[in-house]
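Chains as they are written, first to last, in our numbering: chain X, 162 to 303; chain S, 40 to 176. This report refers to the structure that appears directly beneath it.
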Amino acid sequence: MPLDLDPAIIGQEFDRTVEGPVTAEELVAFARALGETRPEYTEAGPALVAHPTYCVRFRGGRFYPESLYKLIDVRRGFDAGKDIALGEPIRPGDTIEVRSTLHEVYEKTGRTGSMYFVVIRFTLVNQRGDVVAVVDNRFMHR
Amino acid sequence: MAAPLRFDDVQEGDELAVRSLFLSKDQVRAYARAGGQWSPRFTDDEGARREGLPGMITPGNMSMGLLASFLEAWAGPGTLRRLGTTFRGLVLPDRTIRLCAAVTQKEETTRSIELDVWLESDEGERWVLGTATLALG
Chain X
162 MPLDLDPAII GQEFDRTVEG PVTAEELVAF ARALGETRPE YTEAGPALVA HPTYCVRFRG
222 GRFYPESLYK LIDVRRGFDA GKDIALGEPI RPGDTIEVRS TLHEVYEKTG RTGSMYFVVI
282 RFTLVNQRGD VVAVVDNRFM HR
Chain S
40 MAAPLRFDDV QEGDELAVRS LFLSKDQVRA YARAGGQWSP RFTDDEGARR EGLPGMITPG
100 NMSMGLLASF LEAWAGPGTL RRLGTTFRGL VLPDRTIRLC AAVTQKEETT RSIELDVWLE
160 SDEGERWVLG TATLALG
């Protein structure tokens, strides 16, 4: 385990926050900003669903567990990448519960020294209990 | 509207037609606003330089979004099941980028396909790398 981190916190949920409700206007603006013109993503109405990467917009109430703030300078981190696994589509009116867990912490050594990678997993669940996405956010810290 | 892509129409090794697009600063700002990422690093050259960056940059989330749209423009809306990306380099706006993908595997039982995907500069430098899974009919 890199850092002086209690391994027991890996996999533990550290935040649960409800966001939304999602509006049609937000979904359309997001899709159009990506250059989308397809009606499924850009025309308000019963068929409107969120663009598949709309799920990365949710961040929960706290981005890192409290204990991590004491070990790393979160302001000096870089977004190293994301993995999204999609479930049910997000629709206008949905409220989304963001369940945050510290999924993984690992260290890599490169030419410029050690880097720590912190993976925060957001499990996004709608008001019907359906998983709409699982988003792994990978951040790099020196 | 084109019919959704069928599983039987795809072969391992197929390469998607590259999509080149000019990524303007205004488009990046529009994404930053719609994506809840309104921050100087994504909206303002001077503000980004104060953070040690060469100028405003494109959010990694936007790169993912452009790749997702590129894949679904080929296969049809709702086909993307998974997208994983690594942000390797700064994607600077006001230049042409290229969106690329190739089919690496077909999975008969789930009628899904795996792809390598990437976003590169006009000179071929790969700034975002990833893999994706699409479910086809």
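Cβ coordinates follow ideal geometry from the N, Cα and C atoms, glycine included. In this text, all values refer to a predicted model and were calculated from it rather than measured experimentally.
Fully enclosed alpha helix (DSSP H) runs of no fewer than 4 residues occupy 64–73, 79–82, 84–89 of the stretch 62–107 of chain S, in order along the chain.
Listed along chain X is no residue with a C-beta nearer than 8 Å to that of residue 55(S); the closest approach is about 16 Å. Identification of residues in the stretch 243–259 of chain X having a C-beta nearer than 8 Å to some C-beta of chain S yields 243, 244, 245, 246, 247, 250, given in sequence order. Under the 10 Å beta carbon count, residue 108(S) is surrounded by 16 or more other beta carbons and is classified as buried. Taking a contact to require three or more Cβ pairs closer than 8 Å, the stretch 267–279 of chain X and the stretch 49–59 of chain S do not qualify as touching.
Judged by DSSP in its simplified three-state form, residue 202(X) adopts helix. Taking a beta-carbon distance threshold of 8 Å, residue 218(X) counts as an interface residue toward chain S. One alpha carbon belongs to residue 287(X), the other to residue 242(X), and they sit about 24 Å apart.
No Cβ of chain S is located within less than 8 Å of the beta carbon of residue 184(X). Against chain X, the CB of residue 141(S) has no partner CB under 8 Å away; the residue lies outside that interface. A straight line joining the alpha-carbon of residue 216(X) with that of residue 180(X) spans about 12 Å.
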